[in-house]
Structures are given as structure tokens and as C-alpha cells.
Amino acid sequence: MPDPKLEIQMLHDRVMIKIVEGAGERRSSAGIVIPATAQVAKRLVWGEVAGVGQHVRTVKTGDRVLLAPDDQYEVEVQGTAYLVMRERDLHAVATERTEHGTGLYL
């Protein structure tokens, strides 16, 4: 008998994030490829919110968020890796809904 499919509901202030592909290797403004192993400082990455708990106030499912992937909890669901973290550990959100932005756009 196959396992039933169960819906995942995040609890409290937890956010489930899928890391956006290409977060490791990047290019400089001159076109030089910089490998993911060449890290001078801790690097923040962009991810997409896949689920939120009932006490999350700032982000919604589908928003792009800026986060530090180090020291976060990782879970694999149907072959896709996600990070689970508290809302307060997010650094920024890229969305069309914002009222007070930085003036920078992705």
C-alpha cells in the first residue's frame, strides 16, 4: 500500500525556503566566473518562500528572500532541498508589495 500524500504546514514563525539555483557559482562584472568554493566572507543567497507558519507577518509564499544559508536546518521533500528557519533570520524580501524599499530592483 503506497504512503498517503500529506500536506506540510509550517508552524509558528517558521518559513520554508527553496534556494534559488545558481546561488553558488557567480560572475563578476567583468565576466570572470567565481566558483562557490572561493568565499572571502559569508555570502547571503536568494531563496523562494515555499511555506509560512501562521505567525509569519512579513513574507508570503512565492516571495524572494535574502538569507544566510549557513547553520540553518535543511530538509528534503520529494527530492528537493528546502531550508527551514525563523522569519527573524531573513535579511530582506524582494516583492512587488513593499511600501518602503531600498530603491534597488532585482
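Take 1 as the starting number for the sequence shown in full-length UniProt numbering and just add one per residue. The C-beta atom is built at its ideal place from N, Cα and C for all residues, glycine as well.
**Request:** With Lys60 as the anchor, note down where its beta strand (DSSP E) starts and where it stops.
**Result:** Lys60 -> no beta strand (DSSP E), and no H or E assigned at all.
**Run of the beta strand (DSSP E) containing Arg14, from where it starts to where it stops** = 14-19
**Request:** Excluding the 5 residues preceding and the 5 following His12 in the sequence, name in chain order all residues of the same chain whose CB lies nearer than 8 Å to its CB.
**Result:** Gly53, Gln54, His55
**Asked** Residues bridged to Ala92 by DSSP?
**Response** Under DSSP, Ala92 shares a beta bridge with Leu66.
**Prompt:** Under a three-way DSSP split, which group does Glu87 fall into?
**Reply:** Helix, per DSSP.
**Prompt:** Going straight from the alpha carbon of Leu66 to that of Trp46, what length do you get?
**Reply:** Rounded to whole angstroms, Leu66 to Trp46 spans 5 Å at the Cα level.
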